[in-house]
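Protein chains in written order, with this note's numbering: chain A, 1 to 227; chain B, 1 to 227.
Shown next, in structure tokens, is the structure this report addresses.
There are 2 protein chains.
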Amino acid sequence: MNNKFPNITVDAIVFSYFNEKIHVLLIKRNFDPFKDNYALPGAFIKDNESADDAVYRMLKDETGLNLEYLEQLYTFTKPDRDPRQRIISIAYYGLINATNQVLKTSQHATEVSWVEIKEAFKRNLAFDHKEIMLYALQRLRNKLQYEPIGFDLLPEYFTIGELYNLYCAVLDKGLDRRNFTRKILSFELLKETSFKTGGHVGRKAKIYEFDKINYDRLKKVGFNFEI
Amino acid sequence: MNNKFPNITVDAIVFSYFNEKIHVLLIKRNFDPFKDNYALPGAFIKDNESADDAVYRMLKDETGLNLEYLEQLYTFTKPDRDPRQRIISIAYYGLINATNQVLKTSQHATEVSWVEIKEAFKRNLAFDHKEIMLYALQRLRNKLQYEPIGFDLLPEYFTIGELYNLYCAVLDKGLDRRNFTRKILSFELLKETSFKTGGHVGRKAKIYEFDKINYDRLKKVGFNFEI
DNA sequence: CCAAAAGTGTTAGGAGTACACCCATGT
DNA sequence: ACATGGGTGTACTCCTAACACTTTTGG
């Protein structure tokens, strides 16, 4: 298999949002070291693929998931971070709209699951994966506030209320809903659709779509998204 | 020498500030590939040293410099970024107060020099080092505005005017000096010393010192440095 | 006395924040 | 009718940004 990089891996922390909570993808380890602990999905980098490509391939193979967003996080290099042999890990974090994807298992990852983020930190995590997860969560929190990445955790069509709940869940604090709504709408990056929610009690909500094309255009002109 | 990682390097982009301009450390290459081009200082990672340690060691060995500040930037992994063989590079950026350090050459780096940043971008740069430099400059500009790292480019004792000029140089734009001064002083993180400048025309300036201990304390309580 | 750099206040406009009620709908 | 979630306006405060003259010093 891979020969050039027998000691460099990519590890990915994949965030999803459902049931009004943030979740991360964890794999239960069936072998030592750290048997029965949980670990982030990861793989060795193969010849002729970039680290980004390796993450996409690995997630596809091991879990069947296709990310909406992927970003390199940090490279972890402590000589003793793996007890067997020295391994350098290039860590990534990714975002996914979990509602229309099916989680598969594979030969390597027989037990893969979405774990609510607070629960995940309580689990026994292999290697330095707790540290990586913490780093990723901080990056997600920061980035959510000055780049429109929250939309990558939601379906294509969503309500302001869903977006609001997502922000509260990630930042783990309450926000003022009126101020939030005003701010988000002031960017004029949400396209109002003709749909409305239904099928549940309460007033029907307007359904929006994020205008990515317009955002990319504005960004070039120096526009700043900031919640 | 190193056996575990024959294809992982660290590259460092070191910034310094003097003559009212930002400079970066470049090495002129004496060998192919990219003979006579300029490159960032770099080295292979040795067994039993972290990437951070490798950067400190490499800079000490090749240039004799001791950094005030070092931060991991990004890991570059494109399979063809080195024409000879596949190499992954963990890039760092560092800050240094160049005024009291002497630049040495070494066997590997016979021509090492500080190059003014705009001039540096005009040079022929080896590998993907232009891309790395651009990435580093953007990070420096961002970080300067919400963390007090500018002080690491200045001597221990400095005037508000020097700090102001540094900010203008890094951000490459004019700022309002009165607003800048008010903002900086409002943090109460500059300790006024009993010294004053002298030896040149113009009014003598107060000399300050950055109160790092107090900053670290405030940061824990949730203080936010932001220019 | 002149050139150079330091130092210093005020104001107007915009952004952020805090706050509470009515509306539409399904059960 | 009532419970649930959606939608909206105002006032106050604080921060930002714009702006120019006086002071001190060395030459």
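A virtual CB, placed ideally from N, CA and C, is assigned to each residue, including glycine.
Spatial neighbours of residue i in its chain, beta-carbon cut-off 8 angstroms, leaving aside the 5 residues before and after
i                : result
ALA126 (chain B) : ARG29, PRO33, PHE34, ASN37, TYR38 and ALA39
TYR146 (chain A) : ASN224, PHE225, GLU226 and ILE227
ASN165 (chain A) : GLU20
GLY42 (chain A)  : THR9, VAL10, ASP11, ALA12, MET58 and SER89
PHE121 (chain B) : LYS130, MET133 and LEU134
TYR167 (chain B) : LEU144, GLY150, LEU175, PHE180 and ILE227
THR159 (chain A) : THR197, ALA205, LYS206, ILE207 and TYR208
LEU100 (chain B) : In the sequence as presented, Leu is not what sits at residue 100 (chain B); that position holds Asn. Same-chain partners within the cutoff: PRO155.
GLU111 (chain B) : ILE27, LYS28, ASN30 and THR105
ARG84 (chain A)  : PRO33
Neighbouring residues, chain B, relative to residue i (Cβ below 8 angstroms)
i                : result
ASN142 (chain A) : Correct list: empty, because the minimum Cβ distance to chain B is about 10 angstroms.
Interface partners of residue i on chain A, CB under 8 angstroms
i               : result
PRO79 (chain B) : ASP47, ASN48, GLU49 and SER50
Close-in-space but distant-in-sequence residues of the same chain around residue i (CB under 7 angstroms, 5 per side omitted)
i                : result
PHE195 (chain B) : TYR157 and ILE207
THR193 (chain A) : TYR157, ILE207, TYR208 and GLU209
ILE149 (chain A) : TYR69, LEU95 and LYS143
LEU139 (chain A) : The residue asked about is misnamed: residue 139 (chain A) is Arg in this sequence, not Leu. Result list for ARG139 (chain A): LEU73 and TYR93, in chain order.
GLY161 (chain B) : ALA205
ARG141 (chain A) : VAL170 and LEU171
LYS183 (chain A) : ILE227
GLU71 (chain A)  : TYR92 and TYR93
PHE18 (chain B)  : ALA98 and THR99
ARG86 (chain B)  : ASN7 and PRO79
LEU25 (chain B)  : VAL14, PRO41, THR63, VAL112 and TRP114
Residue i classed as buried or exposed, judged by whether at least 16 other C-beta atoms fall within 10 angstroms
i                : result
LEU185 (chain B) : exposed
HIS200 (chain B) : exposed
PHE5 (chain A)   : buried
GLU188 (chain B) : exposed
ILE213 (chain B) : exposed
ASP176 (chain A) : exposed
VAL221 (chain B) : exposed
PHE15 (chain B)  : buried
ASP287 (chain A) : Absent from the model: residue 287 (chain A). The displayed extent of chain A is 1 to 227, so no value can be given.
ASN48 (chain A)  : exposed
ASN66 (chain B)  : exposed
Cut-off 6 angstroms between Cβ atoms - residues of its own chain near residue i, not counting five sequence neighbours on either side
i                : result
ALA109 (chain B) : ILE27 and GLU62
ASN124 (chain B) : ASN37
ASP211 (chain A) : LEU189 and LYS191
GLU116 (chain A) : LYS21 and HIS23
SER113 (chain B) : none
ALA136 (chain A) : ILE13, LEU73 and TYR93
Residues, ordered as in the chain, of the stretch 58-82 of chain A that lie near chain B by beta-carbon distance below 7 angstroms: Answer in chain order: GLN72, TYR74, THR75, THR77, LYS78 and PRO79.
Three-pair Cβ contact test at 8 angstroms for the stretch 153-162 of chain A versus the stretch 50-61 of chain A: no
So, do the stretch 9-29 of chain B and the stretch 78-93 of chain B have three or more beta carbon pairs nearer to each other than 8 angstroms? These segments touch.
Is there contact here, the stretch 101-108 of chain B with the stretch 58-65 of chain B, by at least three beta-carbon pairs under 8 angstroms? yes
In chain order, what residues of the stretch 3-15 of chain B put their CB closer than 8 angstroms to some CB of chain A? LYS4, PHE5, ASN7 and ILE8
State whether the stretch 125-140 of chain A contacts the stretch 69-81 of chain A, with contact taken as three or more CB pairs (one from each stretch) at a distance under 8 angstroms. yes
Compile a chain-ordered list of the residues in the stretch 83-110 of chain A whose CB is closer than 7 angstroms to at least one CB of chain B. ARG86, ILE88 and ILE90
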